[in-house]
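To get the numbering used here, take the position in the sequence shown, counting from 1, and add 285. Yeah, the Cβ is synthetic: ideal placement off N, Cα and C, and Gly gets one too. All values derive from a computational prediction rather than experimental measurement. Okay, so here's the structure we're looking at.
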Amino acid sequence: FEEDADRAHALALYLLPFLRPMIEGPTPLHMIDAPTENSGKSLLLRVLLLPGIGSPPELYSWPESRAEQQKLLLSALLAGRPVIAFDNVNGEVGGPDLERVLTSTVTTDRVLGVSQTATVQNRAIWALTGNNCTLSRDMVRRTVRLRLDAGMTDPGERSYTHPNIQRWTTERRAELAGAA
């Protein structure tokens with residue numbers, strides 16, 4: 286972690302699946318950001334959420350076009366996933382549809398392929414990973430940032446205490462959930 290606050294934000298994300306049922310309104314986006322690839326962002330996201338949701342979260346790609354973003358956000362909410370997470374996002378994070386959904390308890394949008402709308406509750410945990418992401422002005426207050434920095438040119442060359450931390454986490458899920 287780059288700073289102590291980043292470690293605290295990781296702990297908050299780890300606890301969020303256990304606390305989410307007690308939170309009435311929306312929760313912020315958790316953005317795991319790093320200066321370079323192979324920093325372990327996606328792995329950290331999976332390991333932090335696995336004890337609370339029972340399996341690694343499904344990771345979406347963030348679409349380029351606003352129309353596709355709108356469709357993806359609604360379809361992910363309609364699917365009722367406990368976590369909606371985007372992997373390897375580039376550039377600026379934001380846009381009216383994402384900003385709206387992150388501050389709404391209920392979302393209404395047009396359903397893909399038909400001339401009708403759907404209304405769905407927003408009870409999801411929101412997360413994304415990316416390299417050197419920036420936030421739109423309106424996203425700053427809607428986002429909790431976790432910054433990783435391995436302090437090396439190629440973090441993929443590191444050795445790990447747990448060579449397969451995801452398997453280790455899965456095998457100790459009950460213990461980790463109890464600790465939460």
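Alpha-carbon spacing of residue i relative to residue j, whole angstroms
{"i": "leucine 335", "j": "alanine 465", "result": "12 Å"}
{"i": "alanine 403", "j": "asparagine 449", "result": "41 Å"}
{"i": "aspartate 423", "j": "arginine 385", "result": "10 Å"}
{"i": "glycine 398", "j": "alanine 293", "result": "43 Å"}
{"i": "serine 324", "j": "threonine 414", "result": "10 Å"}
{"i": "threonine 390", "j": "valine 405", "result": "9 Å"}
{"i": "serine 400", "j": "tryptophan 453", "result": "47 Å"}
{"i": "threonine 455", "j": "proline 302", "result": "16 Å"}
{"i": "aspartate 289", "j": "aspartate 372", "result": "24 Å"}
{"i": "leucine 359", "j": "asparagine 417", "result": "27 Å"}
{"i": "leucine 431", "j": "leucine 304", "result": "19 Å"}
{"i": "glutamate 309", "j": "histidine 315", "result": "18 Å"}
{"i": "isoleucine 369", "j": "glycine 436", "result": "29 Å"}
{"i": "glutamate 460", "j": "threonine 321", "result": "32 Å"}
{"i": "glutamate 485", "j": "arginine 395", "result": "Given that the chain is displayed from residue 286 to residue 465, the structure contains no residue 485 and the question cannot be resolved."}
Contact check, residue i vs residue j, beta carbons under 8 Å
{"i": "proline 341", "j": "isoleucine 410", "result": "no"}
{"i": "aspartate 434", "j": "alanine 319", "result": "yes"}
{"i": "leucine 420", "j": "glycine 379", "result": "yes"}
{"i": "proline 348", "j": "leucine 357", "result": "yes"}
{"i": "valine 425", "j": "proline 313", "result": "no"}
{"i": "proline 311", "j": "threonine 393", "result": "no"}
{"i": "serine 327", "j": "leucine 344", "result": "yes"}
Of the residues the options, the one placed nearest residue i, counting alpha carbons only
{"i": "leucine 298", "options": "Thr392, Leu329, Met307", "result": "Leu329"}
{"i": "histidine 447", "options": "Gly380, His315, Ser400, Val332", "result": "Val332"}
{"i": "asparagine 375", "options": "Ala459, Thr438, Ser346", "result": "Ser346"}
{"i": "isoleucine 317", "options": "Thr393, Asp291, Arg443", "result": "Asp291"}
For residue i, the three-state DSSP class (helix, strand or coil)
{"i": "threonine 455", "result": "helix"}
{"i": "phenylalanine 303", "result": "helix"}
{"i": "arginine 408", "result": "coil"}
{"i": "methionine 424", "result": "helix"}
{"i": "isoleucine 317", "result": "strand"}
{"i": "valine 399", "result": "coil"}
{"i": "glycine 415", "result": "strand"}
{"i": "alanine 370", "result": "strand"}
{"i": "arginine 430", "result": "strand"}
{"i": "glutamate 377", "result": "strand"}
Cβ-Cβ separation, residue j to residue i (assumed contact under 8 Å), whole Å
{"i": "arginine 351", "j": "aspartate 382", "result": "7 Å"}
CB contact check: residue i to chain B, cutoff 8 Å
{"i": "leucine 383", "result": "Absence of chain B from the displayed structure is noted, only one protein chain being present."}
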